[in-house]
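Undergrad:
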Amino acid sequence: MAGLYIHVPFCKQVCYYCDFHFSASMRDKGRMVKALCREVEDRKAYTEASKLKTLYLGGGTPSVLSQEELSKLFETIDRVLGIQQMDEVTMEVNPDDLDKTYLEFLKKWGVNRLSIGIQSFSDQVLASMNRRHNAKQAIESVKMVQEAGFTNITIDLIYGYPGSPKGRWDKDLELAMSLDVPHISAYHLSIEDKTVFGRYLKKGKIAPVDESISEREYARLLEVTRQHGYLHYEISNFARPGYEAQHNSSYWKQEPYLGIGPSAHSYDGKSRQWNH
Ligand code: SF4
Numbered sequence: 000m001a002g003l004y005i006h007v008p009f010c011k012q013v014c015y016y017c018d019f020h021f022s023a024s025m026r027d028k029g030r031m032v033k034a035l036c037r038e039v040e041d042r043k044a045y046t047e048a049s050k051l052k053t054l055y056l057g058g059g060t061p062s063v064l065s066q067e068e069l070s071k072l073f074e075t076i077d078r079v080l081g082i083q084q085m086d087e088v089t090m091e092v093n094p095d096d097l098d099k100t101y102l103e104f105l106k107k108w109g110v111n112r113l114s115i116g117i118q119s120f121s122d123q124v125l126a127s128m129n130r131r132h133n134a135k136q137a138i139e140s141v142k143m144v145q146e147a148g149f150t151n152i153t154i155d156l157i158y159g160y161p162g163s164p165k166g167r168w169d170k171d172l173e174l175a176m177s178l179d180v181p182h183i184s185a186y187h188l189s190i191e192d193k194t195v196f197g198r199y200l201k202k203g204k205i206a207p208v209d210e211s212i213s214e215r216e217y218a219r220l221l222e223v224t225r226q227h228g229y230l231h232y233e234i235s236n237f238a239r240p241g242y243e244a245q246h247n248s249s250y251w252k253q254e255p256y257l258g259i260g261p262s263a264h265s266y267d268g269k270s271r272q273w274n275h
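Using numbering that gives the first Met the number 0, the first residue of the sequence shown is number 0, and each one after it goes up by one.
#1: Pull up the CB-CB distance for GLN118 and LEU156, whole angstroms please, since I reckon it's below 8 angstroms.
#2: Out of ASN111, GLY116 and PHE9, which has the shortest C-alpha to C-alpha gap to GLU68?
#3: Check the DSSP bridge columns for ALA238 and list the partner residues they point to.
#4: Exposed or buried, which one is TRP273 when buried takes at least 16 other CB atoms within 10 Å?
#5: Under 6 angstroms: does the beta carbon of GLY59 sit that close to some heavy atom of ligand 1?
#6: Rank ILE205, GLU40, ARG37 and HIS182 by C-alpha distance to the C-alpha of PRO278 and give the top, closest one.
#7: Measure how close the beta-carbons of TYR16 and PHE237 come, nearest whole angstrom, since I'm counting them as under 8 angstroms.
#8: May I ask you to list the residues that DSSP assigns as paired with GLN118?
#9: Would the segment 146-163 count as touching the segment 184-191 if we require 3 or more Cβ pairs under 8 angstroms?
#10: By the 10 Å Cβ neighbour count, where 16 or more other Cβ atoms means buried, how is GLY228 classified, buried or exposed?
#11: Per DSSP, what are the beta-bridge partners of ARG225 in this structure?
#12: What's the call for SER121, buried or exposed, on a 16-neighbour Cβ count within 10 Å?
#13: Hey, how far is the Cα of ALA175 from the Cα of TYR45?
#14: Opposite VAL54 in the DSSP bridges: which residues?
#15: Can you tell me whether DSSP reads ARG131 as helix, strand or coil?
#16: Just mark GLY148 as buried or exposed, buried being the case when its beta carbon has 16 or more other beta carbons within 10 Å.
#17: Could you please give the first and the last residue of the uninterrupted beta strand (DSSP E) stretch that includes TYR266?
#18: What are the start and end residues of the beta strand (DSSP E) that includes GLN272?
#19: Thinking GLY2 and HIS246 are a contact (beta carbons under 8 angstroms), I'd like their distance in whole angstroms, please.
#20: Kindly indicate which residue of LEU80, MET128 and ILE138 has the alpha-carbon position closest to the one of ILE5.
#21: Regarding PHE9 and ligand 1, is the C-beta to nearest heavy atom distance less than 6 angstroms?
#22: How should GLY258 be labelled, buried or exposed, when 16 other C-beta atoms within 10 angstroms of its C-beta is the threshold for buried?
#23: Could you tell me if the beta carbon of PHE196 falls within a distance shorter than 6 angstroms of some heavy atom in ligand 1?
#24: Going by DSSP, which residues form a beta bridge with TYR256?
#25: Helix or strand or just coil, what does DSSP make of SER70?
#26: With distances taken Cα to Cα, identify the nearest neighbour of GLN66 among GLN145, VAL32 and LEU200.
#27: Assuming contact is defined by CB atoms lying nearer than 7 angstroms, are ILE152 and VAL180 in contact in what I supplied?
#28: Going by DSSP, which residues form a beta bridge with LEU113?
#29: For SER22, write down the residues that DSSP places opposite it in a beta bridge.
#30: Could you pull out every residue in the same chain whose Cβ sits closer than 8 angstroms to the Cβ of VAL63, ignoring the five residues on either side in sequence?
As C-alpha cells, this is what we get:
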C-alpha cells in the first residue's frame, strides 16, 4: 500500500478555473470531519496488507480546517493507520491561511511537506482568477513556511493564462526561482465546462490562450527550471534531486492507495473504487 489520500472538500472562495468538487459554505465542515474519520475507520481493512508510506491532504483547501478539526482527523488517522511511521505527509495550503501557530501545529502532527497554492505572483492575474490571496501574501507565505523549518515545499503555478499582462510568466518564474523552493508544479490552464471561465468562454468573454504563447511559456518553464537544477520528473512537476513527490509518484507507478472523502479514489492494484 503506497498512500492515503484525504479529500477536504471546502474552499472559502471559488476560483474561476476550478472544476474540483468542493463547497464554498463552511457550514458542514464539522460534520464532514466526522464523516472522514468514520470512513478512515471503515476502510481500515483496505490497507491492512501493507504499511502506508505517504499521506496527502488535498482538496478543496485542507487549510480551511481549524486546528481542532484537523486534530480530530489526524488523531483518527494516527490511531487507525499510523502517521508517525509515514515517510511523507503532505498538506495543501492556501497562502492566507498560514501563521506561525498553525505551522507549528502541523509540524507537531508530522506534516513534513507543504503544497502552497500560489498560481501566480501577479495581483492582476490572481484577482482575475478570483484567488483570495495577493502576490505579497504568496511571497510571505513561502518565507514563513521556510522560517518555520519546513524544507520540503512545493508551489503551484499556472501558465497559458489568457489576458496575462506582458511578461507575466517570465516574472512569475523569476520570482519562483528566487524563493528557492525545491519543488514546483506548473499547470497549463485548461478551461472546463462547469466553471466560471467555461461560462465566460461560451459567452465570448474570454478566449483560450494562443498556442504560440502556450508553446513559448512551456519552453521557458523547461529552460528556467533546468537552469536552476530542477528535474522535470513528471508531466507538470519539477523537483530538485531528492524532492520528487513520493505520494504522487506512486500513482504513476500503479501502487495501491486508499482515498477517503467525497471525491477521492482508491486503487487496490486491480481496480478503482470511489464514493457515490
Ligand atoms: S482553492 Fe483550489 S480547490 Fe478551491 S476553488 Fe481554488 S483551485 Fe479549486
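All C-beta atoms, glycine included, are put in the ideal place defined by N, C-alpha and C.
TA: Working from what's here:
#1: About 6 angstroms separates the two Cβ atoms, so the contact holds.
#2: The residue from ASN111, GLY116 and PHE9 with its alpha-carbon nearest to that of GLU68 is PHE9.
#3: Bridge partners of ALA238: HIS182 and LEU230.
#4: The residue is exposed, with fewer than 16 neighbouring Cβ atoms inside 10 Å.
#5: For GLY59, the distance from the CB to the nearest heavy atom of ligand 1 is below 6 angstroms.
#6: The structure shown does not extend to residue 278, since the chain is modelled only from 0 through 275, so no value can be given for it.
#7: Contact flag wrong, Cβ pair sits at about 21 angstroms.
#8: Per DSSP, LEU156.
#9: Contact holds: three or more Cβ-Cβ distances are below 8 angstroms.
#10: Exposed.
#11: DSSP lists no beta-bridge partner residue for ARG225.
#12: Buried: at least 16 other Cβ atoms inside 10 Å.
#13: Whole-angstrom Cα-Cα distance: 39 angstroms.
#14: Note on residue identity: the sequence assigns Leu, not Val, to residue 54. Looking at the DSSP assignment, LEU54 forms a beta bridge with LEU3 and VAL88.
#15: For ARG131, the secondary structure class from DSSP, reduced to helix, strand or coil, is coil.
#16: With fewer than 16 other CB atoms across the displayed protein chains lying within 10 angstroms of its CB, GLY148 is exposed.
#17: Where TYR266 is concerned, the enclosing beta strand (DSSP E) starts and stops at 264-266.
#18: Residues 271-273.
#19: Between GLY2 and HIS246 the beta-carbon gap is near 5 angstroms, inside 8 angstroms, which marks them as a contact.
#20: If we check each option's Cα against that of ILE5, LEU80 comes out closest.
#21: No, the Cβ of PHE9 stays beyond 6 angstroms of every heavy atom of ligand 1.
#22: The residue in question, GLY258, is buried, as its Cβ has 16 or more Cβ neighbours within 10 Å.
#23: Proximity of the beta carbon of PHE196 to ligand 1 is not indicated: no heavy atom of the ligand is located closer than 6 angstroms.
#24: According to the DSSP secondary-structure assignment, TYR256 is paired through a beta bridge with GLY2 and TYR266.
#25: DSSP, reduced to helix, strand and coil, places SER70 within a helical segment of the structure shown.
#26: Here the closest residue by C-alpha is VAL32.
#27: For the pair ILE152 and VAL180, the CB atoms are nearer than the 7 angstroms cut-off.
#28: LEU113 is bridged to MET90 and ILE152.
#29: Assignment of beta-bridge partners to SER22 by DSSP yields PHE9.
#30: Only VAL7, PHE9, CYS10, LYS11, MET25, LYS28, ASN93 and ASP96 meet the Cβ criterion.
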